[in-house]
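Undergrad:
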Amino acid sequence: MTRWLKRIAKFLLLALLALGAGFGVWVFHTLPMVDGALKVAGLSQSVQINRDSDDVVHIQAQSSRDAAFALGFVHAQDRSWQLEFNRRLMHGELSEILGEVTLPTDKLIRTLGLMQAAQRQYDNLPAEVREQLQAYSDGINSFHANRPQGLPPEFALLRTKPGGTSGKPWQPIDSVAWSLVMALDLGGNWGNEFARLTAARTLSTEQLWQLYPPYPGEKPATAVDLAQLYRNLGVYKPAGGLKTSLSLPVVGEPGFNEGRGSNNWVVAGSHTTSGKPLLANDPHLALSAPAIWYYAHLQAPDLNVIGASLPGLPFVVLGRNEHVAWGFTNTGPDVQDLYLEQIDPADPNRYKTPTGWQAFETRQETIAVKGQPSVTQVVRSTRHGPVISDAQASHGEVMDLSRFVLALRWTALDADNRTLASGFKVPKAKNVPELIAAFADNHSPTQNIVMADREGRIAFKAAGRVPLRRADNDLRGVAPAPGWDARYDWSGWIPYAEMPQDDGKKGWVATANQRITAPGYAHFLGQDWTAPHRYDRIEQVLSAKPRHSFADMQGLQKDDVSLSTLTLLPVLKATPSQHPLAAQARKTLDGFDGRMSADLPAPLLVSVWADELTRGLIEPKLGADTFKAQYGKRNFRVFLENVMRQPNSPWCAPKSCAEQSTAALDRALDRIAVLQGNTPADWRWGREHVALSTHRPFGQVPYLRDVFNVSVPSDGDPFTVNVGQYWPGEKYMPFANRHAASMRGVYDLSDLEQSQFIYQTGQSGLVWSTNYRDMKDAWARGQTRDLRLTPKATAHTLTLAP
133 MTRWLKRIAK
143 FLLLALLALG
153 AGFGVWVFHT
163 LPMVDGALKV
173 AGLSQSVQIN
183 RDSDDVVHIQ
193 AQSSRDAAFA
203 LGFVHAQDRS
213 WQLEFNRRLM
223 HGELSEILGE
233 VTLPTDKLIR
243 TLGLMQAAQR
253 QYDNLPAEVR
263 EQLQAYSDGI
273 NSFHANRPQG
283 LPPEFALLRT
293 KPGGTSGKPW
303 QPIDSVAWSL
313 VMALDLGGNW
323 GNEFARLTAA
333 RTLSTEQLWQ
343 LYPPYPGEKP
353 ATAVDLAQLY
363 RNLGVYKPAG
373 GLKTSLSLPV
383 VGEPGFNEGR
393 GSNNWVVAGS
403 HTTSGKPLLA
413 NDPHLALSAP
423 AIWYYAHLQA
433 PDLNVIGASL
443 PGLPFVVLGR
453 NEHVAWGFTN
463 TGPDVQDLYL
473 EQIDPADPNR
483 YKTPTGWQAF
493 ETRQETIAVK
503 GQPSVTQVVR
513 STRHGPVISD
523 AQASHGEVMD
533 LSRFVLALRW
543 TALDADNRTL
553 ASGFKVPKAK
563 NVPELIAAFA
573 DNHSPTQNIV
583 MADREGRIAF
593 KAAGRVPLRR
603 ADNDLRGVAP
613 APGWDARYDW
623 SGWIPYAEMP
633 QDDGKKGWVA
643 TANQRITAPG
653 YAHFLGQDWT
663 APHRYDRIEQ
673 VLSAKPRHSF
683 ADMQGLQKDD
693 VSLSTLTLLP
703 VLKATPSQHP
713 LAAQARKTLD
723 GFDGRMSADL
733 PAPLLVSVWA
743 DELTRGLIEP
753 KLGADTFKAQ
763 YGKRNFRVFL
773 ENVMRQPNSP
783 WCAPKSCAEQ
793 STAALDRALD
803 RIAVLQGNTP
813 ADWRWGREHV
823 ALSTHRPFGQ
833 VPYLRDVFNV
843 SVPSDGDPFT
853 VNVGQYWPGE
863 KYMPFANRHA
873 ASMRGVYDLS
883 DLEQSQFIYQ
893 TGQSGLVWST
903 NYRDMKDAWA
913 RGQTRDLRLT
923 PKATAHTLTL
933 AP
């Protein structure tokens, strides 16, 4: 018996060793080929691909077409799954591999008609741009046609292949569609409009503007009594609460601008230690694993540019060449309007227009769903655009859809969107005036661009298509408008020459998604600017000394002083409590200066207390279901600051604001004790405020998320320059940093080869690659890597031959 047991044990051991060896061989086989030579179809001449010691990929080609081809090839090498997931997302094909959990996302994307819009826009692009898009697609497809490596594990786990059932991994219009997904991610006004419509069901208009306050120092953009307007129209569903539904988020769900955005600034040589400009940029996007960016250097006879590319697009989006540097933040103008379309009571296939009843345009979409029958969806459109209430369950829980539907007018869907044409012009600019001219084609999303050149010029320019609204449009796009009233239609576009611009006469220009228009500006861009906490802090630091160094720019990007925390801190300190932990917890605030450092307890106490106070004030007034639906996308911090300045605010009733603060503190102390124990001195913000780069789709799957997600304790909060946006309404890790600096770049125009970059994961999209997460700790510490056209060291060299 013992002999048999030994034999069985020996057999099991050998089997495990064999499995381990097989797994190791498979892992090795999936790693990209980065040295040697490969013959690939589609190139006109050989291309050399060098990978330097900082993980930047350098592509040396004999033509810009071959450079685009090679960029597609390396994107496919390192980011095959990311490309496939993104392709499925914009085609509305996620449910084919993920099941009904992503059906809401697929329905929304199909309703928006992203691929139809992409085709119209592709057809209107210049021939040379279409040629570059084709070359990039050829590079991706050439890689897959004769792969020198295995596919990443996501394909095996989900039993799919590049291109899915279509068998086409990438097409030129996919790149156009991906630019539209980025515009969707950065466009939040439609979510704001629906939030106001929803809140007006239970709040007065006065309360609504307290809950969603306009920009500091401004009045609401409309004086219309929204609550009365929608009640008189009979918009709302007679009964029932707003429920939430589970769906895998689109890149960043259309929602709110509060706390979201980016930083950039440029300092003139008159205010730098070198005498030449310094430029810094850190775009804030949803953190993902792999990162949204891929760093590359493209070199051809007419091209020499280095910086952040986006897998899916064939050019460098953010970065520099030998002469200029540039950086983006989201402008956030109102380029999305919702329209209430009234249904004809006698014929539900028609809706009301200024000239009478008109039939909806319709088309049929069929969505494959894993493990279930396919879903057939009828997509309706009006003269304004797609009827998005057909795809969003929350709309039907608020509105009476038998009487009204919501249609979306959105600039990005227009056929004249030539944003990609701009993307190919920018890298070839040799000075600031040429950069400004190159960005003239940028359409969607509208971006705040700071720029500098080696001659010492600096500038800011807002570039993008922003609608004009008529003088008698009393709603001004801040809430859904009656679609049958022609005064709410757009009346044209703000000319590019009249979009906001600044030549930096004061010595620097900074943007942080704040209001960028000066008093007296001729046009209305919108009112949903991000609150100015980050911008005000940047201005504080830039104004504090006459000259700044390269290291100062890096330090400012890492700055973790929260002006919002400093506003609320006196209230917390004055809050009485009989909680057993209150006295010890209060000691953690001694000497606290608003720095939201990961290794301190005070930021945790402030954040959880503010969360509990927000819940205590708003949920009873707004209703539990509506509050839950909105709190996942907005933190209501500006509202909280305003209320706590008024000790007798009606939002605190029936208690006083002091009593509400005490109750919130007691709940916060109980909550933190469960998370981190009963010794406040040992609490740490970073344990809860983990920068969480989420894998799609495994980032939400227990066990798999521990393998595929990338996480690291992080400083900051939603209001620090080193932003750390969290969504307190999340069930899983509510204080996790989910929306932060997706990359950091600093450019020294006195010597552009001294430029630096970092992002939060790594260059590879292969989960077991050493380059999948190797930047995360340096990113969290504020460290950077070299961004050189001529690298100090080359780690790998691969030659692609035709």
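Numbering (the numbering used here), first residue to last: 133 to 934.
The C-beta atom is built at its ideal place from N, Cα and C for all residues, glycine as well.
#1: Can you grab the Cα-Cα spacing for the pair Q659 / N645, in whole Å?
#2: What residue range is occupied by the uninterrupted alpha helix (DSSP H) comprising R495?
#3: What number of angstroms, rounded off, separates the C-alpha of N273 from the C-alpha of P301?
#4: Could you check the C-alpha separation between G856 and A173 for me, to the nearest Å?
#5: I need the boundaries of the beta strand (DSSP E) containing G652, first residue and last residue.
#6: Per DSSP, what kind of secondary structure is V179 in: helix, strand or coil?
#7: Contact between the stretch 218–233 and the stretch 198–206 is defined here as three or more beta-carbon pairs at a separation below 8 Å; is this criterion met?
#8: With DSSP collapsed to three states, give me the class of H416.
#9: By the 10 Å Cβ neighbour count, where 16 or more other Cβ atoms means buried, how is E260 classified, buried or exposed?
#10: Could you spell out where the beta strand (DSSP E) holding Y471 opens and where it closes?
#11: In its own chain, which residues sit with a C-beta less than 6 Å from the C-beta of S513, not counting the 5 before and 5 after it?
#12: The beta strand (DSSP E) spanning Y483 covers which residue range?
#13: For Y628, collect the residues of the same chain with a Cβ closer than 6 Å to its Cβ; drop the 5 residues on either side in sequence, then sort them by chain order.
#14: Between the alpha carbons of R669 and L695, how many angstroms are there, rounded?
#15: Do V853 and D691 come within 8 Å of each other at the CB atom, strictly closer than that value?
#16: If I measure Cβ to Cβ from K179 and keep anything under 6 Å in the same chain, skipping five residues before and after, which residues do I get?
#17: Tell me the rounded alpha-carbon separation between T376 and Q253.
#18: Just verifying my parser: in three-state terms, what is the DSSP assignment at D634?
#19: DSSP three-state label for P693, please.
#20: Alpha carbon to alpha carbon, how far is G282 from K765? Give it in angstroms, no decimals.
#21: Is it the case that the Cβ atoms of N396 and A418 are separated by a distance below 8 Å?
#22: Determine, using beta-carbon pairs with one atom in the stretch 352–365 and one in the stretch 783–802, whether at least three such pairs fall under 8 Å.
#23: Please name the residue in Q504, L732 and A603 whose C-alpha comes closest to that of G848.
#24: Taking L430 as part of the alpha helix (DSSP H), name the residues at either end of that continuous run.
#25: Taking only the alpha-carbon atoms, compute the straight-line gap between W741 and A756 and give it to the nearest angstrom.
#26: My guess is that P934 and Q177 are in contact by the Cβ rule of under 8 Å, so how many angstroms apart are they, rounded?
#27: Alpha carbon to alpha carbon, what distance is there between A553 and E630?
#28: Measure the alpha-carbon distance for D210 versus G897 and round it to whole angstroms.
#29: Using 10 angstroms around the beta-carbon of N462, count the other beta-carbons present and answer buried if the total reaches 16, otherwise exposed.
#30: Pull the bridge partners of V449 from the DSSP assignment, please.
#31: Does the ligand MG have even one heavy atom less than 7 Å from the beta-carbon of T354?
#32: Quick one: what does DSSP say M865 is sitting in, helix, strand or coil?
#33: Which of the three DSSP states is assigned to M875 in this structure?
#34: Does the separation of the CB atoms of G636 and V398 fall below 8 Å?
#35: Do L472 and A613 have their C-beta atoms within less than 8 Å of each other?
#36: Hey, would you say F502 sits closer than 8 Å to L230, going by beta carbons?
TA: Inspection of the coordinates gives the following:
#1: Going by the C-alpha atoms only, they are around 11 Å apart.
#2: Under the DSSP assignment, R495 falls outside any alpha helix (DSSP H), being part of the beta strand (DSSP E) whose first and last residues are E493 to V501.
#3: Cα to Cα, the separation comes out at about 6 Å.
#4: Approximately 45 Å, taken between the alpha carbons.
#5: According to the DSSP assignment, G652 belongs to no beta strand (DSSP E), since it is labelled neither H nor E.
#6: For V179, the three-state secondary structure derived from DSSP is strand.
#7: Not touching, per the Cβ criterion.
#8: Three-state DSSP puts H416 in a strand.
#9: Label assigned to E260: exposed.
#10: Counting along the chain, the beta strand (DSSP E) containing Y471 begins and ends at Q468 to D476.
#11: Only E493 meet the Cβ criterion.
#12: Residues D479 to T485.
#13: Cβ neighbours of Y628 within its own chain (closer than 6 Å, five residues either side excluded): A572.
#14: Taking the straight line joining both Cα atoms gives about 7 Å.
#15: V853 sits close to D691, with the two beta carbons spaced by under 8 Å.
#16: Residue 179 is actually Val in this sequence, not Lys. Taken in chain order, the residues that qualify are A193, D198, A202 and L932.
#17: At T376 the pLDDT is 42, less than 50, meaning the model places this residue with poor confidence; the figure from the coordinates comes in the next sentence. Going by the C-alpha atoms only, they are around 35 Å apart.
#18: Here D634 sits in strand by DSSP.
#19: According to the sequence displayed, residue 693 carries Val and not Pro. Three-state result, V693: strand.
#20: Straight-line Cα distance between these residues: approximately 39 Å.
#21: Taking 8 Å as the Cβ cut-off, N396 and A418 do not qualify as a contacting pair.
#22: No, because fewer than three Cβ pairs between the stretch 352–365 and the stretch 783–802 fall closer than 8 Å, the two stretches do not touch.
#23: Closest option to G848, Cα to Cα, is L732.
#24: From DSSP, L430 is part of no alpha helix (DSSP H) but of the beta strand (DSSP E) over Y426 to A432.
#25: Cα to Cα, W741 sits roughly 19 Å from A756.
#26: In this structure, P934 and Q177 form a Cβ contact; the two beta carbons are roughly 7 Å apart against a cut-off of 8 Å.
#27: Approximately 21 Å, taken between the alpha carbons.
#28: One C-alpha to the other measures close to 6 Å.
#29: Around the CB of N462, 16 or more other CB atoms lie within 10 Å, so the residue is classed as buried.
#30: Here V449 is not bridged, per DSSP, to any residue.
#31: Summarising the ligand content, the structure contains no ligands, and the ligand MG is consequently not present.
#32: DSSP places M865 in coil when its eight states are reduced to three.
#33: Residue state, collapsed to three classes: strand.
#34: In contact: G636 and V398 (Cβ atoms closer than 8 Å).
#35: Yes, the Cβ-Cβ distance between L472 and A613 is below 8 Å.
#36: Going by the sequence as given, residue 502 is Lys instead of Phe. The answer is yes: Cβ separation under 8 Å.
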